[in-house]
Amino acid sequence: MSRENHQAIEERQWKKGSFTVGFHFSNGIAHFEGFITETVVSTKLGLKYRVLVKHPTKGGFWTMKGMESPMEQREIRKVLDEKHKGFLEGKEFAFEVFDNTGTTKLFATRFNATEKIPAEGYESEHLVATSFCWSFDLREELQPLARKAFEEYLASKH
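Given below as structure tokens:
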């Protein structure tokens, strides 16, 4: 790979944020298990997240007990384990990403989990686990810190 191509890839990486979530499916039901890995950029920027679940009868997206405010990924994991048996069950979810103050929303997306259930996920004998990833553009003022985090990460690998 040429140096120019390598630099272009690096630049794209520090101009973006991303997150990966885990789900498992069984009996035709989607279970949000939490965030799979936290990225170097989200750790350095102190990004916070909020997970909402669409109410099955009333519609609209609701926050779950203990997760009303934006939180770090590890805090969400703790709440899932302590208050929700390790997962959230639902058909449709919304994921929001905030800056380190938890007040400025950087990204939001809806995710219809029922559309992603694999054929084996409808069987009672099978548990199908998979992950889904989103990336989003970082605001310009966050990019220098993200670049520094990415460069430090690359330097630690050499």
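Start counting the sequence shown at 8; every next residue gets the next number (the working numbering). Where a beta carbon is used, it is the ideal one built from N, C-alpha and C, also for glycine.
- With respect to phenylalanine 139, valine 60 sits apart: the two C-beta atoms are not nearer than 7 Å.
- The residue from Met74, His38, Leu54 with its alpha-carbon nearest to that of phenylalanine 105 is Leu54.
- The three-state secondary structure of leucine 87, taken from DSSP, is helix.
- According to the DSSP assignment, phenylalanine 157 belongs to the alpha helix (DSSP H) that extends over 150 to 163.
- Looking at the DSSP output, glycine 73 shares a beta bridge with no other residue.
- Contact between the segment 134 to 152 and the segment 37 to 54 is present, with at least three C-beta pairs closer than 8 Å.
- In the three-state scheme derived from DSSP, where H, G and I count as helix and E and B as strand, arginine 81 is classed as helix.
- Shown here for threonine 70: same chain residues with a beta carbon closer than 7 Å to its own, the five before and five after excluded, namely Arg57, Leu59 in chain order.
- Secondary-structure assignment with DSSP links aspartate 144 through a beta bridge to Lys23.
- Leucine 113 sits in a strand when the DSSP states are folded into three classes.
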